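A quick write-up on the structure given underneath.
Number of protein chains: 2
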Amino acid sequence: MQDTFKALATVSLVTQARDCILRAITIGEFLPGQRLVEGEIAGRLGISRGPVREAARLLEQRGLLVSLPRRGFFVRAFEEKEIEDLYELRECIEVAAVRAAVSRASEAGLRSLGERHRKIISLTQRGREPELIEAIVAFHRSICVLSGNGRLIRLFDEIAIEVSQILSVLGVAVGDPGRPIEVQGSLLEALEARDSRRAAREMAHFIRHAKAEVMEHYRRRHPLEDGRPTQSPPPRPARGQVRNPANMKMGGQQ
Amino acid sequence: MQDTFKALATVSLVTQARDCILRAITIGEFLPGQRLVEGEIAGRLGISRGPVREAARLLEQRGLLVSLPRRGFFVRAFEEKEIEDLYELRECIEVAAVRAAVSRASEAGLRSLGERHRKIISLTQRGREPELIEAIVAFHRSICVLSGNGRLIRLFDEIAIEVSQILSVLGVAVGDPGRPIEVQGSLLEALEARDSRRAAREMAHFIRHAKAEVMEHYRRRHPLEDGRPTQSPPPRPARGQVRNPANMKMGGQQ
DNA sequence: TGCTGGCCAACTGTCAACAGGCCGCACTCT
DNA sequence: AGAGTGCGGCCTGTTGACAGTTGGCCAGCA
Numbered sequence: 228m229q230d231t232f233k234a235l236a237t238v239s240l241v242t243q244a245r246d247c248i249l250r251a252i253t254i255g256e257f258l259p260g261q262r263l264v265e266g267e268i269a270g271r272l273g274i275s276r277g278p279v280r281e282a283a284r285l286l287e288q289r290g291l292l293v294s295l296p297r298r299g300f301f302v303r304a305f306e307e308k309e310i311e312d313l314y315e316l317r318e319c320i321e322v323a324a325v326r327a328a329v330s331r332a333s334e335a336g337l338r339s340l341g342e343r344h345r346k347i348i349s350l351t352q353r354g355r356e357p358e359l360i361e362a363i364v365a366f367h368r369s370i371c372v373l374s375g376n377g378r379l380i381r382l383f384d385e386i387a388i389e390v391s392q393i394l395s396v397l398g399v400a401v402g403d404p405g406r407p408i409e410v411q412g413s414l415l416e417a418l419e420a421r422d423s424r425r426a427a428r429e430m431a432h433f434i435r436h437a438k439a440e441v442m443e444h445y446r447r448r449h450p451l452e453d454g455r456p457t458q459s460p461p462p463r464p465a466r467g468q469v470r471n472p473a474n475m476k477m478g479g480q481q
Numbered sequence: 228m229q230d231t232f233k234a235l236a237t238v239s240l241v242t243q244a245r246d247c248i249l250r251a252i253t254i255g256e257f258l259p260g261q262r263l264v265e266g267e268i269a270g271r272l273g274i275s276r277g278p279v280r281e282a283a284r285l286l287e288q289r290g291l292l293v294s295l296p297r298r299g300f301f302v303r304a305f306e307e308k309e310i311e312d313l314y315e316l317r318e319c320i321e322v323a324a325v326r327a328a329v330s331r332a333s334e335a336g337l338r339s340l341g342e343r344h345r346k347i348i349s350l351t352q353r354g355r356e357p358e359l360i361e362a363i364v365a366f367h368r369s370i371c372v373l374s375g376n377g378r379l380i381r382l383f384d385e386i387a388i389e390v391s392q393i394l395s396v397l398g399v400a401v402g403d404p405g406r407p408i409e410v411q412g413s414l415l416e417a418l419e420a421r422d423s424r425r426a427a428r429e430m431a432h433f434i435r436h437a438k439a440e441v442m443e444h445y446r447r448r449h450p451l452e453d454g455r456p457t458q459s460p461p462p463r464p465a466r467g468q469v470r471n472p473a474n475m476k477m478g479g480q481q
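Just so you know, the sequences run in chain order A and B.
Start counting the first sequence at 228; every next residue gets the next number (our numbering).
Start counting the second sequence at 228; every next residue gets the next number (our numbering).
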């Protein structure tokens, strides 16, 4: 009965286009520096260019795309410094979140966090990399949720997208399998013990560790760019078609 | 000679429209909850609706507008909780910024910060409220700049816009004239002494003080909404014309 | 061979128009 | 009188088209 009357409030084309582009960026289908041709995307999605442009504007404001006048949109390419800055911001955000969570989280909230932690453990043991990353992100997001600060959650989500873009582009796998469990286990303990200082310390350590790992991957990947400025906003605009013409169907946000 | 060849790269209409709407929001011409009629704005600016829509999308992503399907864009109205969350975030950001600035700021950077501080003092003595607010914001922004973290600066700018919107809507004036100088003076001293803990403490105190002041204004303004949920996304869509049909010329970003 | 200048295709920025939903209002029926 | 219903205007969401610009390509020339 309730199926017959499914909500017909169709999601706007802008939202759908945004989610499609977003997904293409996070999974690394659209590579940094790559040019996005409006007409191409619109054609592939079967819509007109208007909604695609609006979606691109949204992502521009988020910092995932940059726009050059009369040239169009490009996937943002991270410089080394920008990755460092991002992780520094992430540390400050998540440390604040866990501090707030210590004093505000309910018992039920902590239990559900424990649930997520168990999921991380089981996924680690079964060696399922992609879901594991997802679960770790979910764990950290939960801490933001427990902080009770909606603005913090929104910011975390933005940062998480950029981080996962970086991870996927650099091909970073979650490091030694033992560590994340351990760290997140300590975090959980500190939260349960309502130990603000320890929780903050663990969180900071974790993020610095993650940062170091990512930066090492980055340097391994860009060994020569150490000395020179390397400051062409989109590094070689790469006029050309998108990489993978298939595999970009409609229907995010479901 | 160099004047004869001024850059003729005209700023895109989207950018100009965005800045116009932004200004209208920050100075309180567009009030929270107010509906923005695309055609109206486009007509007043002498352009078509397309760029206006894209500009609105930008501001939506920043959280300054909310969009309801088939209803259009509304100026975002802050709930009490959202203001608290915003200030909590601001504290975490600026404390992190001043900490980083302590260890990274150059002597020249500190001197220019001192310059800004003197400007605050002189404006306070002359009692020029609007420029004073501007100068205080500039002072705090400088600290973010001294932190050397570009991402932090971007986030500060976003937050600053929201804060100034709140201040202007609530009609908050900068409190007792003595305080800000005093606080920012201590901040400056701590930075010059490279005293990270003291700088962080002063910053946190300042922002908590500002928050308390704003919240008091808010509660004075919305005394009845304490108990009830008050959760209609845009509080009464207020179908109707914008408040001040004049005074919204083109040409932000100059 | 290397450089200059013009030509061309592609793509962006912008606009005007169309279809359809939402809101307010008047009208009708109970 | 009050509630429900149908109508009409206003406004959004989307589209297709047009003009202008950008960058690449190629011929011509030193």
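The beta carbon of each residue, even a glycine, is placed where N, CA and C say it ideally should be.
Predicted model, so just to flag it, every value in this text is computed and none were measured.
Comparing the C-beta of residue i with each C-beta of chain A, is any distance below 8 angstroms?
{"i": "E309/B", "result": "yes"}
{"i": "G336/B", "result": "no"}
{"i": "A323/B", "result": "yes"}
{"i": "S459/B", "result": "Model confidence at S459/B stands at a pLDDT of 41, short of 50, so the residue's coordinates are unreliable and nothing is read from them."}
Closest Cβ-Cβ distance between residue i and chain B: below 8 angstroms?
{"i": "Q288/A", "result": "yes"}
{"i": "D246/A", "result": "no"}
{"i": "D422/A", "result": "no"}
{"i": "L292/A", "result": "no"}
{"i": "C319/A", "result": "yes"}
{"i": "G266/A", "result": "no"}
{"i": "G277/A", "result": "yes"}
List, in chain order, every chain A residue whose beta-carbon is nearer than 8 angstroms to that of residue i.
{"i": "S239/B", "result": "P296"}
{"i": "L394/B", "result": "Per Cβ cutoff of 8 angstroms: no residues; L394/B is ~17 angstroms from chain A at best."}
Would you please state the rounded distance, in angstroms, between the beta carbons of residue i and residue j? I believe it to be under 8 angstroms.
{"i": "L316/B", "j": "N376/A", "result": "7 angstroms"}
{"i": "V441/B", "j": "I310/B", "result": "6 angstroms"}
{"i": "V399/A", "j": "F433/A", "result": "That pair is no contact at about 15 angstroms."}
{"i": "R280/B", "j": "E281/A", "result": "6 angstroms"}
{"i": "L249/A", "j": "L286/A", "result": "7 angstroms"}
{"i": "L418/B", "j": "L337/B", "result": "6 angstroms"}
{"i": "A426/A", "j": "R326/A", "result": "7 angstroms"}
{"i": "I363/B", "j": "I388/B", "result": "No, I363/B and I388/B are not in contact; Cβ-Cβ is about 15 angstroms, not under 8 angstroms."}
{"i": "A324/A", "j": "I370/A", "result": "5 angstroms"}
What does residue i touch in chain A if you count any residue whose Cβ is under 7 angstroms from its own?
{"i": "R280/B", "result": "E281"}
{"i": "L263/B", "result": "The premise fails here: L263/B is roughly 15 angstroms from chain A at the closest Cβ pair, so nothing lies under 7 angstroms."}
{"i": "L418/B", "result": "Neighbours of L418/B on chain A: none; closest Cβ ~18 angstroms, over 7 angstroms."}
Using a cut-off of 8 angstroms between C-beta atoms, extract the partners of residue i located in chain B.
{"i": "L382/A", "result": "L316 and L382"}
{"i": "R378/A", "result": "E309, D312, L313, E315 and L316"}
By the criterion of Cβ-Cβ separation under 9 angstroms, what are the contact partners of residue i in chain B?
{"i": "E299/A", "result": "Correcting the residue identity first, residue 299/A is Gly in this sequence and not Glu. Per Cβ cutoff of 9 angstroms: no residues; G299/A is ~12 angstroms from chain B at best."}
{"i": "L285/A", "result": "R284, L285, E287 and Q288"}
Per DSSP, which residues does residue i bridge with? Please list them.
{"i": "S294/B", "result": "F300/B"}
{"i": "R262/A", "result": "F301/A"}
| field | Minimum length 4: unbroken alpha helix (DSSP H) runs contained in the segment 381-430 of chain A | value | 405-419
| request: Could you tell me which uninterrupted beta strand (DSSP E) segments, each at least 3 residues in length, are contained entirely in the segment 270-351 of chain B, listed from first to last along the chain? | output: 292-295 and 299-302
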